[in-house]
Amino acid sequence: YRNALATQPAPVPAATVDAAQLSAALHDCAQPNNKIDTLALLPRLNWHEGMLSDWVPGEAGAQAQLSSFLDAGIEDYREGRDFPAKMSVSRLSPHLHFGEISPNEAAFAANLSGQRGHESQSEHFVRELVWREFSYYLLYHFPSLTDANMKSDFDRFPWLDDADLRSAWQRGMTGYPIVDAGMRELYTTGYMHNRVRMIVASFLIKNLMQDWRHGEKWFWDCLVDADLASNSCSWQWVAGSGADAAPYFRIFNPVTQSQKFDPDGAYIRRFVPELAKLSAKHLHDPSSAPTMELQLAGIELGKDYPAAIVDLKQTRERALAAYKTLRD
Numbered sequence: 001y002r003n004a005l006a007t008q009p010a011p012v013p014a015a016t017v018d019a020a021q022l023s024a025a026l027h028d029c030a031q032p033n034n035k036i037d038t039l040a041l042l043p044r045l046n047w048h049e050g051m052l053s054d055w056v057p058g059e060a061g062a063q064a065q066l067s068s069f070l071d072a073g074i075e076d077y078r079e080g081r082d083f084p085a086k087m088s089v090s091r092l093s094p095h096l097h098f099g100e101i102s103p104n105e106a107a108f109a110a111n112l113s114g115q116r117g118h119e120s121q122s123e124h125f126v127r128e129l130v131w132r133e134f135s136y137y138l139l140y141h142f143p144s145l146t147d148a149n150m151k152s153d154f155d156r157f158p159w160l161d162d163a164d165l166r167s168a169w170q171r172g173m174t175g176y177p178i179v180d181a182g183m184r185e186l187y188t189t190g191y192m193h194n195r196v197r198m199i200v201a202s203f204l205i206k207n208l209m210q211d212w213r214h215g216e217k218w219f220w221d222c223l224v225d226a227d228l229a230s231n232s233c234s235w236q237w238v239a240g241s242g243a244d245a246a247p248y249f250r251i252f253n254p255v256t257q258s259q260k261f262d263p264d265g266a267y268i269r270r271f272v273p274e275l276a277k278l279s280a281k282h283l284h285d286p287s288s289a290p291t292m293e294l295q296l297a298g299i300e301l302g303k304d305y306p307a308a309i310v311d312l313k314q315t316r317e318r319a320l321a322a323y324k325t326l327r328d
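Numbered by the UniProt record's numbering, the letters in the sequence shown go through residues 1 to 328 in order.
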C-alpha cells in the first residue's frame, strides 16, 4: 500500500477557506435556539476536566501542535517515538480524527522539514500517516472490521470472559506499572502513547486472554483520538486477527518493555505516583523490590498498590496453548 502511494505525486494541501465565506456558511447552518449545554453531550461526572489542560481543540490548536512537533519532536522521531516520557511524537491524532488538520497537510509540512535536515525522520513520520490511511482503506473494503475477525480462524479462539480482570485493566490496577500508567493516562488525558497502547493491548488479549473487542470498546469510549478505522485495525493487529497483523505468539512482556522504553521510570512515576519512591531497578516490577525498599517507599503490595493480577510466564504459556488449538 505504501509503495503504491509512493508512485503518486505528493498532494499539495488545499488553500485556506476564506474567513468571511466560512462565517456566512456557519450562520446559515446555525440554530440559535439551541444551547450546547441543552444537548447533554458530556457525562455527569467531570471526567473531561483532566483533558482540558492537555489539548487545544480546533484548527489553531492543530497548527500549533504541528509546529511544535516539527520544531523539536521530529528530530528524534524514529528512535524517540517508542519512549513514552519523551516529547518525540506528534500528538496530532485527535486533530486528524476531527478534521482540524488533514493527513496531506501534515505530510506536506513534514516533507518540507525533511528538506531542512530531518529527511529520515520525516520519512518515518509520513510512513506512520500512511498506516493511518491504510486503516481507512481496510475499513472501506471490510466494513465488518469493527466487530468481526478479519481472519476467520480467530472465530474459534477460546477467549476467557472475566469482568474482574477487565475492570482491573481498565482502572490501571493490574500490578504491572507500565500497564497501569498507560491505562491511567488514558482515563485522565484521553490519550495514550502508542508504544504503551501496544503493551496494554497485548496484556489484555494475551496475558488476560480477553476478547480484543473489549479493549476496542474501552479505547473507543476513552480516547480523544478514538478513530473507527485506526482503533479497529490496531486492536486486530495486536490480536493477530487483522491484516498484516503481528502474529498472535508475539507477546509483549510488560516488565521488559518498561525497562527498555521507560528506563528511569519517568512515565510510570507521573501516572502511578504511589510508586514514585521506588528505585528504577525495582519500579518496573515492584514484586522484585526488597521488603525494606518497599517499606521506605511507603508501599504495601496488595494495599497501597495491587499485587500482580496474573503471572506473566504462566499466562504466556496459556495463551500460546490456546493459539495452538487454531492450528490443530
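We treat Cβ as the ideally placed atom computed from N, Cα and C, and that holds for glycine.
Between residue i and residue j, which are expected to be in contact by the criterion C-beta below 8 Å, what is the C-beta distance as a whole number of angstroms?
{"i": "residue 203", "j": "residue 326", "result": "About 20 Å; that fails the 8 Å criterion."}
{"i": "residue 164", "j": "residue 213", "result": "Between residue 213 and residue 164 the Cβ distance is about 18 Å, and since that is not below 8 Å, they are no contact."}
{"i": "residue 237", "j": "residue 216", "result": "11 Å between Cβ atoms; not a contact."}
{"i": "residue 221", "j": "residue 159", "result": "About 20 Å; that fails the 8 Å criterion."}
{"i": "residue 150", "j": "residue 322", "result": "The pair is not a contact, with the Cβ atoms about 19 Å apart (cut-off 8 Å)."}
{"i": "residue 252", "j": "residue 199", "result": "5 Å"}
{"i": "residue 258", "j": "residue 177", "result": "6 Å"}
{"i": "residue 96", "j": "residue 207", "result": "31 Å between Cβ atoms; not a contact."}
Is the Cβ-Cβ distance between residue i and residue j less than 7 Å?
{"i": "residue 134", "j": "residue 110", "result": "no"}
{"i": "residue 102", "j": "residue 113", "result": "no"}
{"i": "residue 249", "j": "residue 320", "result": "yes"}
{"i": "residue 281", "j": "residue 297", "result": "no"}
{"i": "residue 145", "j": "residue 190", "result": "no"}
{"i": "residue 255", "j": "residue 285", "result": "yes"}
{"i": "residue 107", "j": "residue 129", "result": "yes"}
{"i": "residue 76", "j": "residue 88", "result": "yes"}
{"i": "residue 225", "j": "residue 94", "result": "yes"}
{"i": "residue 23", "j": "residue 154", "result": "no"}
{"i": "residue 175", "j": "residue 289", "result": "no"}
{"i": "residue 188", "j": "residue 50", "result": "yes"}
{"i": "residue 239", "j": "residue 268", "result": "no"}
{"i": "residue 53", "j": "residue 69", "result": "no"}
{"i": "residue 275", "j": "residue 283", "result": "yes"}
Who are residue i's beta bridge partners in DSSP?
{"i": "residue 305", "result": "301"}
> Taking three-plus beta-carbon pairs below 8 Å as touching, is the stretch 249 to 263 in contact with the stretch 155 to 173?
Replying inline: No, they do not touch.
> If you scan the stretch 39 to 104 from start to end, which runs of the alpha helix (DSSP H) of 4 or more residues do you find wholly inside it?
Replying inline: Here the runs fully enclosed are 49 to 52, 59 to 71, 77 to 80 and 93 to 97.
> Unbroken alpha helix (DSSP H) runs of length 4 or more, entirely within the stretch 161 to 227: which are they?
Replying inline: Those alpha helix (DSSP H) runs which fall completely within the stretch 161 to 227 and span 4+ residues are 163 to 171, 177 to 189, 194 to 202 and 212 to 222.
> Using 8 Å as the threshold, is the stretch 228 to 243 in touch with the stretch 136 to 145, meaning 3 or more CB pairs across them?
Replying inline: Yes, since at least three Cβ pairs between the stretch 228 to 243 and the stretch 136 to 145 fall closer than 8 Å, the two stretches touch.
> Is the stretch 178 to 191 touching the stretch 307 to 323, taking contact as three or more C-beta pairs under 8 Å?
Replying inline: Verdict: no, contact absent.
> Is the stretch 90 to 100 close to the stretch 52 to 60, with three or more CB pairs under 8 Å?
Replying inline: Counting Cβ pairs under 8 Å, three or more are found: they touch.
>> When you compare the stretch 69 to 88 with the stretch 192 to 199, are there three or more beta-carbon pairs, one atom per stretch, that lie closer than 8 Å?
In response: Verdict: yes, contact present.
>> Restricting to runs no shorter than 4 residues, where is the alpha helix (DSSP H) found entirely within the stretch 264 to 302?
In response: The stretch 264 to 302 contains these whole alpha helix (DSSP H) runs: 266 to 271, 280 to 283 and 291 to 296.
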